[in-house]
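Residue numbers (the UniProt record's numbering): 1 to 183.
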């Protein structure tokens, strides 16, 4: 869960939201799930770095962008469509990032990121980033597994079987959310 001090500045509406959150935290004893959004990425402060293959621990299969650009977990091998790049903007809190598919980007001739659509559908598509499609790695202390959290909803990406669909699911790290990150 993001702490209030970790959230990026968001103008007057953001400050009002922060005030409401502070009041809510005071009334509920501090137990609140926050949502996160950030300012739009800027060309001069946006950069991409680490590349990963992401493997679902529950089904022992890699995530891929090869199925009509939807995010699925159904590959036994690693290839270009199974490699994802972590990109950040320096105006965002350092734990937040977007995921980019170089393979889908090449297909469309434009940078393509993992976008959450209404209903929880996750799809790789060309996009001008608005800051509302941020993700964050979370990990239990001592665990070899990571969870990938959609920062705006606080939901871990979950693998559904049969079929291998990946979607924002629960707000805790369980077996269907456990991932390996491979460089």
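Backbone N, C-alpha and C define an ideal beta-carbon position, used for all residues, glycine too.
| query | result |
| --- | --- |
| From 141, 51, 152, 60, residue whose alpha carbon lies closest to that of residue 120 | 152 |
| Euclidean distance between Cα positions of residue 128 and residue 117 | 15 Å |
| Under the three-state DSSP convention, the category residue 151 falls into | coil |
| Three-state class that DSSP yields for residue 27 in the structure shown | Low confidence applies to residue 27: its pLDDT is 34, below 50, so where it sits in the model is not reliable enough to give any reading. |
| Own chain residues within Cβ distance below 7 Å of residue 65, not counting five before or after | 71, 81, 101, 103, 104, 124 |
| As assigned by DSSP and simplified to three states, the class of residue 16 | Interpretation of residue 16 is limited by its pLDDT of 32, a score under 50 that renders its predicted location unreliable; the figure taken from the coordinates is listed afterwards. DSSP places residue 16 in helix when its eight states are reduced to three. |
| Residue span of the beta strand (DSSP E) that contains residue 167, given as start and end | 165-168 |
| Residue 107 - DSSP class collapsed to helix/strand/coil | helix |
| Alpha-carbon spacing of residue 142 relative to residue 57, whole angstroms | 16 Å |
| For residue 126, the residue or residues it bridges with in DSSP | 112 |
| Residue 172 (DSSP reduced to helix, strand or coil) | coil |
| From 157, 79, 122, 126, residue whose alpha carbon lies closest to that of residue 138 | 157 |
| Alpha-carbon to alpha-carbon, residue 144 and residue 69 | 28 Å |
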